[in-house]
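Data first, discussion second: the structure below is written as structure tokens.
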Amino acid sequence: MLNSLNPNDWDIIALQEPYIDFNGVTRATPPWRVVYPSRHYISPQETRSIILVNKKLATNHWEALPLDSSDLMAIRLSGDFGHVHVFNVYNDCNHSRSLHCLEQYLLLPPP
1 MLNSLNPNDW DIIALQEPYI DFNGVTRATP PWRVVYPSRH YISPQETRSI ILVNKKLATN
61 HWEALPLDSS DLMAIRLSGD FGHVHVFNVY NDCNHSRSLH CLEQYLLLPP P
């Protein structure tokens, strides 16, 4: 699937249940930056939500948001338009921790 994603057509890709290899990372083709949830570095095998950002987007125009969940990934895009938040929520049917984490973030004052 990743090989068929044309970076001229897409700037942001939200993936769920990514393959995580023995090194604790997923695979992506060269045009993409893989953005992992904050908790990924604690337990990579629990990661179920990632975002791929096209390398054409300048890194000073976006940032990963620090969310305490392996099922919730978000980035903030910044520019002349202000800020836009992009969320990728893996909603596990056995619990609602990702939704609780999202709710807590949305209750915070804007940056």
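Numbering of the sequence shown is given in UniProt numbering, commencing with residue 1 and proceeding in unit increments.
Glycine residues also receive a C-beta, built at the ideal position from the N, C-alpha and C atoms.
>> Using 9 Å as the threshold, is the C-beta distance between Pro-18 and Ser-69 below it?
In response: For the purposes of this step, residue 18 is taken as the residue at position 18 of the sequence shown. For the purposes of this step, residue 69 is taken as the residue at position 69 of the sequence shown. Not closer than 9 Å, so no.
> Quick one, are the C-beta atoms of Ser-96 and Leu-72 less than 9 Å apart?
Replying inline: In the sequence shown, counting from the first residue as 1, residue 96 sits at position 96. In the sequence shown, counting from the first residue as 1, residue 72 sits at position 72. No, the pair does not count as a contact, with Cβ atoms beyond the cut-off.
>> Using only CA atoms, which one of Lys-55, Ile-51, Asn-23, Thr-26 lies nearest to Pro-7?
In response: Looking up residue 7 in the sequence shown gives position 7. Selected option, being the one with the closest Cα: Lys-55.
> Are three or more beta carbon pairs between the stretch 34-51 and the stretch 77-84 nearer than 8 Å?
Replying inline: Contact fails between the stretch 34-51 and the stretch 77-84, because fewer than three Cβ pairs, one in each stretch, are under 8 Å apart.
> Bridge partners of Val-89, per DSSP?
Replying inline: On the sequence shown, position 89 is the one that residue 89 refers to. DSSP, once it has assigned bridges, lists Leu-72 as partnering Val-89.
> Where does the unbroken beta strand (DSSP E) through Leu-57 begin, and where does it stop?
Replying inline: Here the question's residue 57 lines up with position 57 in the sequence shown. Taken as a continuous stretch (DSSP letters only), Leu-57 belongs to no beta strand (DSSP E), as it is neither H nor E.
> Near Ile-20, which residues of its chain fall below 7 Å by C-beta distance, leaving aside the five closest residues on each side in sequence?
Replying inline: Here residue 20 corresponds to residue number 20 of the sequence shown, with the count starting at 1. Correct list, in chain order: Thr-26, Pro-44, Gln-45, Thr-47.
> Would you report the Cα separation of Ser-78 and Ala-28, rounded to the nearest angstrom?
Replying inline: Within the sequence shown, residue 78 is the residue found at index 78, counting from 1. Within the sequence shown, residue 28 is the residue found at index 28, counting from 1. Between Ser-78 and Ala-28, the C-alpha separation is close to 24 Å.
>> For a test of the three-state rule: what should DSSP assign to Ser-96, helix, strand or coil?
In response: Position 96 of the sequence shown, counting from 1, holds the residue named residue 96. Three-state DSSP puts Ser-96 in coil, outside helix and strand.
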